[in-house]
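As structure tokens, the structure follows; a few thoughts come after it.
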Amino acid sequence: MNVNVEALLMKHYGPGSEALEVLLTHSRCVAEKALTVADRVAHLEPDRLFIKEASMLHDIGMIHTWAPGIGCRGEYPYILHGVIGAEMLQKEGLRRHARVCERHTGAGLSVMEIVEADLPLPHRNLLPDTLEEKIICFADKFFSKNPTTLTHEKSIAKVRSLMAQYGDTQLVRFEAMAALFE
Ligand SMILES: [Fe+2]
């Protein structure tokens with residue numbers, strides 16, 4: 004499949020908007036990192052074209068969330084950007100890309116974590132499952148959406164300490180991906 008990423012982004016983001024600039028810069032960083040990770044596991048034959056497309060689209064849902072610091076003035080809490088993005092891509096018939104959107108938050112979220120933390124997310128597992136889903140979720144953790152540090156790649160030590168702040172479950176799941184990809 005060959006998706007016209009640019010046309011899709013233009014459909015939902017105003018040309019030249021602050022949100023689009025943040026999204027493009029962040030997504031390019033994630034795509035580059037994800038392809039570097041894919042090179043490390045070339046023996047597992049990751050789908051590079053899909054990784055590039057899905058990396059560029061993984062945060063598309065942020066436009067409908069409230070995150071004014073990055074130009075997003077939607078009505079939903081930011082934590083919903085993944086599932087909102089998944090709905091947007093499902094409407095385009097991009098079911099495989101949609102899964103990447105809904106499964107990249109943190110190190111992925113199990114239904115247990117969602118229920119226990121009372122997160123405003125659907126009560127089902129939102130865990131990266133396929134190789135490509137895991138690669139993009141992992142790569143995403145190295146980049147923030149802070150407009151002043153968008154292109155700054157965090158060290159793995161920094162990512163580990165951030166994951167640990169979200170609890171052991173997140174850290175353990177991140178470490179499982181790091182063991183595969185680092
Ligand atoms: Fe992201």
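Quick note on the numbering used here: the sequence shown kicks off at 4 and runs consecutively.
For glycine and all other residues, C-beta sits at the position ideal for the given N, C-alpha and C.
All values derive from a computational prediction rather than experimental measurement.
Remark: three or more beta-carbon pairs, one from each stretch, lie closer than 8 Å, so the region 133-148 and the region 37-57 are flagged as touching. Considering only S20, P18, V8, L26, the residue with the shortest C-alpha distance to T152 is L26. Beta-bridge analysis with DSSP links R76 to W69. Our two residues, R127 and I54, have alpha carbons roughly 24 Å apart in a direct line. Judged by the Cβ position, F184 fails to qualify as a neighbour of ligand 1 at the 8 Å threshold, every heavy atom of the ligand being at least this far. A direct Cα-to-Cα measurement between D132 and A181 gives close to 15 Å. In this structure, F177 has its beta carbon at no less than 8 Å from each heavy atom of ligand 1.
For F184, the enclosing alpha helix (DSSP H) covers residues 171-184. Remark: C-beta atoms of D62 and H15 do not approach each other more closely than 9 Å. Within the same chain, W69 come within 7 Å of R76 by CB-CB distance, once the 5 residues on both sides are set aside.
Pairing R99 with L122, the inter-Cα distance amounts to about 24 Å.
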